[in-house]
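In our numbering, the protein residues as written are 415 to 681. Before any comments, here is the structure.
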């Protein structure tokens with residue numbers, strides 16, 4: 415890669431490289447394809463042909479070159495047909511009337527007029543100005559760019575103060591937080607109103623009722639468990655139902671053993 419240097423301002427003289435000789439193949443242009451089926455036109459020569467790569471294909475009933483094996487129609491098909499000509503009453507919609515004669519006008523052209531034979535172009539205009547040297551001299555003699563002094567941002571009046579738009583955004587965020595906090599507090603108060611604290615007397619009465627219910631279910635369950643063989647579907651279902659009721663009653667009695675028992679009035 416050429417590096418930037420003042421010596422590279424003046425371009426060097428271009429020396430064109432020598433032209434290589436034209437490539438010419440050592441093989442003829444009409445060489446028959448090797449090991450190809452293009453040479454076979456009928457079933458008299460099955461499979462591939464010319465496996466040895468001979469220049470001239472062996473003579474046979476068919477040649478590897480066809481009449482229309484190229485682009486376009488075969489030779490002689492583009493000749494005019496003498497029988498195809500304009501017949502009578504086939505011109506302008508079956509009438510023999512000629513079109514009206516109109517005066518010919520040249521179309522308006524936007525191109526420049528062709529110069530006359532007496533007008534000779536100006537030749538030999540040359541400039542002796544060396545643009546490379548002129549550009550280098552102008553850059554050397556030009557004044558350097560003036561560097562502008564940076565402003566002292568710390569000496570501004572509002573330096574170190576919070577912008578007004580930030581205070582507005584902060585106040586709006588605080589208002590939103592306050593609204594959300596009030597909503598949560600209102601929801602908590604509503605939930606507290608829905609709860610009812612049971613007195614110790616009510617808890618004891620509820621416990622006694624659950625225990626009586628548990629004893630009756632347990633008695634029924636014990637009567638089923640003493641049967642040796644439970645061979646009916648009804649007894650099996652009754653036993654399973656008693657087990658579920660006993661487990662549920664024991665769970666409810668355990669909940670009532672807590673210090674404070676609340677009841678949800680919404681359910």
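Cβ atoms here follow ideal geometry from the backbone N, Cα and C, with glycine treated the same way.
According to the neighbour-count rule (16 or more other Cβ atoms, all chains shown, within 10 Å of its Cβ), is residue i buried or exposed?
{"i": "residue 443", "result": "exposed"}
{"i": "residue 600", "result": "exposed"}
{"i": "residue 656", "result": "buried"}
Kindly indicate the opening and closing residues of the beta strand (DSSP E) around residue i.
{"i": "residue 610", "result": "609-611"}
{"i": "residue 545", "result": "Element bounds for residue 545: not the beta strand (DSSP E) but the alpha helix (DSSP H), 545-555."}
{"i": "residue 677", "result": "676-678"}
Leaving out five residues on either side along the sequence, give the residues of the same chain with a beta carbon under 6 Å from the beta carbon of residue i.
{"i": "residue 659", "result": "631"}
{"i": "residue 400", "result": "It is not possible to answer for residue 400, since the shown part of the chain is limited to 415 through 681."}
{"i": "residue 635", "result": "656"}
{"i": "residue 492", "result": "none"}
By Cβ distance, which residues of its chain are closer than 7 Å to residue i, with the 5 residues on each side in sequence left out?
{"i": "residue 652", "result": "638"}
{"i": "residue 678", "result": "608, 609"}
{"i": "residue 546", "result": "423, 424"}
{"i": "residue 612", "result": "675, 677"}
{"i": "residue 532", "result": "none"}
{"i": "residue 558", "result": "none"}
{"i": "residue 578", "result": "none"}
If contacts are defined as beta-carbon pairs under 8 Å, then residue i and residue j qualify, I think. What distance do you get, rounded to the angstrom?
{"i": "residue 622", "j": "residue 667", "result": "Actually they do not touch by this definition, with Cβ atoms about 10 Å apart."}
{"i": "residue 423", "j": "residue 550", "result": "6 Å"}
{"i": "residue 451", "j": "residue 464", "result": "Their Cβ separation, rounded to whole angstroms, is 10 Å, which puts residue 451 and residue 464 out of contact at 8 Å."}
{"i": "residue 663", "j": "residue 627", "result": "6 Å"}
{"i": "residue 644", "j": "residue 650", "result": "6 Å"}
Give the range of the alpha helix (DSSP H) segment to which residue i is assigned.
{"i": "residue 667", "result": "647-669"}
{"i": "residue 639", "result": "614-639"}
Spatial neighbours of residue i within its chain, please: C-beta separation below 8 Å, excluding the five flanking residues on both sides.
{"i": "residue 617", "result": "670, 675"}
{"i": "residue 520", "result": "none"}
Based on DSSP bridge pairs, tell me the residues matched to residue i.
{"i": "residue 463", "result": "450"}
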